[in-house]
Amino acid sequence: MAEVAEQEEIVKVPKEPLFSKKNRKLITDPLTDNNPITIQVLGICSALAITAQLKASIVMAVSVLFVLGVGNVVISLMRNIIPSKIRIIVQLIVVAALVIIVDLVLKAFAYELSKELSVFIGLIITNCIIMGRFEAFALANGPWKSFLDGIGNAAGYGIILIIVGFFRELLGSGTLLGIAVLGDPIEKTGLYALGYENNGFMLLSPMALIVVGLIIWVQRSRNKALIED
Amino acid sequence: MEHLELFFKSIFIDNMVFATFLGMCSYLAVSKKVSTAIGLGAAVIFVLAVTVPLNWLLDQYVLREGALAWLGPEYASYDLSFLSFIMFIATIATMVQLVEIVVEKFSPSLYNSLGIFLPLIAVNCAILGGSLFMQSRDIATLGLALNYGVSSGIGWFLAILAIAAIREKIRYSSVPAPLRGLGITFILTGLMAIGFMSFGGMLTGGDEGNAKPSTEQVENTKKIEQDVKKLAKEKEAVELKTALNQ
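Protein sequence lines, in the order shown, are assigned to chains C and Y. To convert, take the position in the first sequence, counting from 1, and add 59; that gives our numbering. To convert, take the position in the second sequence, counting from 1, and add 133; that gives our numbering.
Written as structure tokens, this is what we have:
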């Protein structure tokens, strides 16, 4: 019995607990100091075009969370059998298959929204975050770590998307998730009674860029280590 | 005329960077110097000009509902459009590889100037976006598809050239420290996009305006119609009255 116990202990030593400090860092790091959008400059294409409404931003964030989490695990499981010369094509096929699943699910359960997102669901395939994480992390690490890394990065991406979507919808149309929170602009209730007007400019695409620029400004002035020279 | 309209529309009004934010990753990453920006821009024009017409053929003759009719009547009901993502991206990835090999073989100087950018382009959203927009906008002919590919590539080229030039100059101005680099580039792109929005008036009465009048317009026309009807009724009544009086 003593021997068995000893053996078990030996086996256990190299194994990290599922949520060790290092693993937790994989999730929390991309949320702030290593954010995919504001620091790594990845995945901006799709981030900006669909953030005029909070709902679309949330759906996009969840889709990327699914694709990146599952894709990272799949690539990580296959990492030893993918020939390095054709790995880009293999990665693209894995992502494309996952994105097709997301697209079909959205078409089945949220048709209006999938119309609104139009080609941008398809563009998750070429979202640089996904290829970037596959290349930089999943090809070199085990499935569980890759999963955490995928979830963390997708969450970091999603947070920026949701912040941008929140401000653009709130200031642009005075609603959140389609619910009027500032009162009725036609009946002149709530804030509108005081003469407040919606800023329609927030709904136009250039404002997404400027909002992200401002987020970067805030983030970097809070953390001086991130400042570029 | 149709060609000219699509050409200017894709360069200025539906500019890939400023209107739809496609290819932003490489746009931000490779725009530090004008010379590299020109290299990447040229490569994007080139690859778009090859892949958009190719994917148009694929869409028309393989993927679209009823596209397989040329194989025989029993295939006419197939709709493979759910496969379009995977087919488009496979076409793009293989085309990029092929183009790389061919260019390396026949024109080493061009290969050297495009350099590392060619493989990078396979995962550029602008390329896949070009094909997906081609599909969703129902581009009608192969010629128009080629035109669309080239002109949206030129639009992307112009955008990256402009931002690279600005970034080279802005190094000498005193930007607030936290905004330096990425932050100011975002804001600059936003301002440029606002500038590009003014091109929207260039083609008034384009297909978009005719296809989808805004709800406001619809309501206005409805009101006007109602007013006209009312007036007509009143006129009739007045005429009747005068007739009765006589």
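Beta carbons are placed, not taken as given, at the ideal position from N, Cα and C, and that holds for glycine. Just so you know, these numbers come straight off a predicted model, no measurement behind them.
The Cβ of alanine 292 (chain Y) sits no closer than 7 Å to any Cβ of chain C. 7 Å or more divides the Cβ of isoleucine 293 (chain Y) from the Cβ of alanine 162 (chain Y). Threonine 185 (chain C) carries a coil assignment under DSSP once its states are collapsed to helix, strand and coil.
Isoleucine 134 (chain C) carries a helical assignment under DSSP once its states are collapsed to helix, strand and coil.
Taking 7 Å as the cut-off, the beta carbon of isoleucine 180 (chain C) is found closer than this to the beta carbon of aspartate 162 (chain C). Secondary structure of alanine 111 (chain C) (DSSP, three-state): coil. Contact check for cysteine 158 (chain Y) against leucine 182 (chain C) fails: the beta carbons are separated by 7 Å or more.
Closer than 7 Å to the CB of threonine 153 (chain Y) there is at least one CB belonging to chain C. In the pairwise beta carbon analysis, the stretch 188-208 of chain Y is classified as not touching the stretch 294-314 of chain Y: fewer than three pairs are separated by under 8 Å. Close partners of leucine 182 (chain C) in chain Y (Cβ separation under 8 Å): Leu155, Cys258, Leu261, Gly262 and Leu265. Inter-segment contact for the stretch 202-216 of chain Y and the stretch 271-286 of chain Y is absent: fewer than three beta-carbon pairs are separated by less than 8 Å. In the structure shown, threonine 248 (chain C) adopts coil according to DSSP, grouped into three states. Relative to tryptophan 189 (chain Y), the option among Y:Phe141, Y:Thr224, Y:Asp212 and Y:Leu173 whose CA is nearest is Y:Thr224. Taking CB atoms only, phenylalanine 332 (chain Y) has no neighbour in chain C less than 7 Å away. At a Cβ-Cβ threshold of 7 Å, valine 150 (chain Y) and alanine 298 (chain Y) do not count as neighbours. Around the beta-carbon of tryptophan 203 (chain Y), fewer than 16 other beta-carbon atoms lie within 10 Å, marking it exposed. In summary, lysine 366 (chain Y) is exposed, with fewer than 16 beta-carbon neighbours lying within 10 Å of its beta-carbon over all protein chains present. Looking at Y:Leu324, Y:Glu198 and Y:Leu187, the one whose alpha-carbon comes closest to that of valine 270 (chain C) is Y:Leu324.
For the stretch 184-214 of chain C, the residues whose beta carbon sits under 8 Å from a beta carbon of chain Y are, in order, Ile184, Thr185, Asn186, Cys187 and Met190. Counting every other CB atom within 10 Å of its CB across the protein chains shown gives arginine 83 (chain C) a total below 16, marking it as exposed. Contact check for valine 158 (chain C) and leucine 265 (chain Y): beta-carbon distance about 11 Å, past the 8 Å limit, so the pair fails to qualify. The C-beta of isoleucine 219 (chain Y) comes closer than 7 Å to at least one C-beta of chain C.
Taken atom to atom, the span from the alpha-carbon of leucine 155 (chain Y) to that of threonine 248 (chain C) is near 39 Å.
Considering only Y:Leu187, Y:Tyr211 and Y:Tyr244, the residue with the shortest C-alpha distance to methionine 220 (chain Y) is Y:Leu187.
Within the stretch 168-181 of chain C, the residues whose Cβ lies closer than 7 Å to any Cβ of chain Y are, in chain order, Ser177, Val178 and Gly181. Here the alpha carbons of glycine 211 (chain C) and threonine 87 (chain C) stand approximately 6 Å from one another.
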